[in-house]
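Q:
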Amino acid sequence: MTPGSFEKKNAPRWCEMDVLMTAVEKKQTQVDVKSLPRLFRQACADLALAQYRMYGQRVVHGLNDRVIRGYKILYRGRSVGLENCVRFVVATFPQAVRREWRLFWLSNALFWVPFFGMMASVWWDVTWVQSVLGQDGMASMEQMYGGDGASQISHLRSQFGSNFMMFAHYIQNNVGIDFRLFAGGILAGLGTIFFLLANGVMIGAAAGYVQYACNPTSFWTFVSGHSSFELLGMCVVGMAGMRMGLGLVKPGRLPRKRALRESTIKAMPLLFGGSLMTALAAVVEGFWSARELPDGLKYGVGIGFWVLHAVYFLWVGRGVKEADA
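Using the numbering used here, you'd call the opening residue of the sequence shown number 692 and step up by one each time.
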């Protein structure tokens, strides 16, 4: 077969491929492009045949350009997916938190006020904390944080067996908390508010009891590394739950069903970002917090993470065009 007859035979197929690629590049959704992968494979075979038979630079270069163009279109999904993930972390998520700054402060107040209230209560009347934790809770705190850091790590090793098992346990625990916080939003936000208050009371009671009756150093060195990820992430998921609940409380001129759907869509970046933070908390908790390291190093890393979160939520993503809500 001569180069001319080769071109004449395959030109209709190449032309069809060019039309489909142009439609994809111009985002013409009305064009059916299901045949593009097949045409791309055939063009690759044509290119290999043209190179083998030495049909000339014009034919080979034309096919090569067509194949490169098709490859970029068909396989760009992977790079686009990665780009979307990066954009979410460096722009979409922090922008969503800043956009809902009122919910951010409300969610944090609902957690931190009872947290510090329960911590402070041990110095006036420890029975409040004892009634919250119960006998089993106090015994657990004393067993884990009653001694030094080495005994605490030994207790964790005997309980979980490995860092990975600790990580798996904390992931399960954090996912459960996130689910309750978000799902509680369907009750007009009341469920989310309840779980934020309850977590503030429980965690504050635990911290207060350790400060009162156990070894505070073993507790604070353990929680310092992952505390910013876990507690702020929990509050951000609480924001998502309350944003969803507001669709029922304040639907505006929309039917409540549609208002709930739209408010849930707005809550998704907060849910995904907050869940990512609590997942990272489980990573730090499982692979860093239980390690035998100098107390100063653990405190320094913990403070550094809190500072990084403040910088992240205040400044990251500023100047980047926000995606349409």
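Heads up, the beta-carbon is just placed ideally off N, CA and C, and yes, glycines get one too.
Please classify Gln-821: does DSSP put it in a helix, a strand, or coil?
A: Position 130 of the sequence shown holds residue 821. Three-state result, Gln-821: helix.
Q: Go ahead and label Glu-983 buried or exposed: buried means 16 or more other beta carbons lie within 10 angstroms of its beta carbon, across all protein chains shown.
A: Within the sequence shown, the letter at position 292 stands for residue 983. Classification of Glu-983: exposed, given that the 10 Å Cβ count is below 16.
Q: Gln-721 lies in the alpha helix (DSSP H); which residues open and close that run?
A: Sequence index remark: in the sequence shown, residue 721 carries index 30 (1-based). Note, Gln-721: premise wrong, no alpha helix (DSSP H); not H, not E.
Q: If I follow the unbroken alpha helix (DSSP H) through Phe-807, where does it start and stop?
A: As a working note, residue 807 is residue 116 in the sequence shown. It spans 792 to 812 - the alpha helix (DSSP H) in which Phe-807 sits, taken as one unbroken run.
Q: Please check if any C-beta of chain D sits within less than 8 Å of the C-beta of Ala-981.
A: In summary, chain D is missing from the structure at hand, where a single protein chain is found.
Q: Round the Cβ separation of Ala-739 and Val-751 to the nearest angstrom and send it over; I've been treating them as touching at under 8 Å.
A: Taking the sequence shown and counting its residues from 1, one reaches residue 739 at position 48. Taking the sequence shown and counting its residues from 1, one reaches residue 751 at position 60. No, Ala-739 and Val-751 are not in contact; Cβ-Cβ is about 10 Å, not under 8 Å.
Q: On the DSSP letters alone, give me the boundaries of the alpha helix (DSSP H) that Cys-735 sits inside.
A: Translated into positions along the sequence shown, residue 735 becomes position 44. Note, Cys-735: alpha helix (DSSP H), 727 to 744.
Q: Excluding five sequence neighbours on each side, which residues of the same chain lie with their C-beta closer than 6 Å to the C-beta of Ala-898?
A: Working through the sequence shown from its first residue, we reach residue 898 at position 207. The answer, listed in chain order, is Met-810.
Q: Whether or not the segment 775 to 785 and the segment 960 to 970 are in contact is what I'm after, with contact meaning three or more pairs of Cβ atoms, one per stretch, closer than 8 Å; do they touch?
A: Because the criterion of three Cβ pairs below 8 Å is met, the segment 960 to 970 and the segment 775 to 785 touch.
Q: Helix, strand or coil for Asp-986, going by three-state DSSP, please let me know.
A: For the purposes of this step, residue 986 is taken as the residue at position 295 of the sequence shown. Helix.
Q: Can you give the beta carbon distance from Gly-875 to Phe-886, rounded, assuming they're within the 8 Å contact cut?
A: Sequence index remark: in the sequence shown, residue 875 carries index 184 (1-based). Sequence index remark: in the sequence shown, residue 886 carries index 195 (1-based). With a Cβ gap of about 5 Å, Gly-875 and Phe-886 count as contacting.
Q: Measuring CA to CA, which of Val-1011, Phe-1004 and Gly-1008 is closest to Gly-792?
A: Along the sequence shown, read from residue 1 onward, the residue named residue 792 stands at position 101. First, the residue type needs correcting, since residue 792 is Trp and not Gly in the sequence shown. Looking at the Cα atoms, Phe-1004 is the closest of the given residues.
Q: Measure from the alpha carbon of Asp-869 to the alpha carbon of each residue in Ala-800, Ala-972, Phe-731 and Phe-978, then state which is nearest.
A: Numbered from 1 along the sequence shown, position 178 holds the residue referred to as residue 869. Among Ala-800, Ala-972, Phe-731 and Phe-978, the Cα nearest to that of Asp-869 is on Ala-972.
Q: Which of helix, strand or coil does DSSP assign to Met-692?
A: Here residue 692 corresponds to residue number 1 of the sequence shown, with the count starting at 1. Reduced to three states, the DSSP call for Met-692 is coil.
Q: Classify Val-1011 as helix, strand or coil using the three-state DSSP reduction.
A: The residue you call residue 1011 lines up with position 320 of the sequence shown. Coil at Val-1011, not helix or strand.
Q: Find out if the Cβ-Cβ distance for the pair Met-893, Val-804 is shorter than 8 Å.
A: Along the sequence shown, read from residue 1 onward, the residue named residue 893 stands at position 202. Along the sequence shown, read from residue 1 onward, the residue named residue 804 stands at position 113. No, these two residues do not count as a Cβ contact at 8 Å.
Q: For a test of the three-state rule: what should DSSP assign to Lys-948, helix, strand or coil?
A: Numbered from 1 along the sequence shown, position 257 holds the residue referred to as residue 948. Lys-948: helix per DSSP, three-state reduction.
Q: Can you tell me where the alpha helix (DSSP H) holding Ser-918 begins and where it ends?
A: Taking the first residue of the sequence shown as position 1, residue 918 is located at position 227. Run containing Ser-918: 918 to 940, per the alpha helix (DSSP H) assignment.
Q: Just mark Asn-775 as buried or exposed, buried being the case when its beta carbon has 16 or more other beta carbons within 10 Å.
A: As a working mapping, residue 775 is identified with position 84 in the sequence shown. Exposed is the call here.
Q: Is the CB-CB distance between Met-856 and Leu-923 below 8 Å?
A: Position 165 of the sequence shown, counting from 1, holds the residue named residue 856. Position 232 of the sequence shown, counting from 1, holds the residue named residue 923. Going by C-beta atoms, Met-856 is not nearer than 8 Å to Leu-923.
Q: Excluding the 5 residues preceding and the 5 following Val-966 in the sequence, name in chain order all residues of the same chain whose CB lies nearer than 6 Å to its CB.
A: Numbered from its first residue, the sequence shown carries residue 966 at position 275. The sequence given here places Ser at residue 966; Val does not occur at that position. The answer, listed in chain order, is Asp-869.
Q: Taking only runs of the alpha helix (DSSP H) that begin and end inside the segment 747 to 776, which ones reach a length of at least 4 residues, in chain order?
A: Those alpha helix (DSSP H) runs which fall completely within the segment 747 to 776 and span 4+ residues are 748 to 765.
Q: For Met-925, is the classification buried or exposed, using 16 other Cβ atoms within 10 angstroms of its Cβ as the cut-off for buried?
A: Residue 925 sits at position 234 when you count from the first residue of the sequence shown. Buried, by the Cβ-count rule.
Q: Is DSSP giving Leu-878 helix, strand or coil here?
A: Taking the first residue of the sequence shown as position 1, residue 878 is located at position 187. Three-state DSSP puts Leu-878 in coil, outside helix and strand.
Q: Please identify the residue among Gly-932, Ala-1001 and Lys-941 whose C-alpha is closest to the C-alpha of Leu-797.
A: Numbered from 1 along the sequence shown, position 106 holds the residue referred to as residue 797. The shortest Cα separation from Leu-797 among Gly-932, Ala-1001 and Lys-941 belongs to Gly-932.
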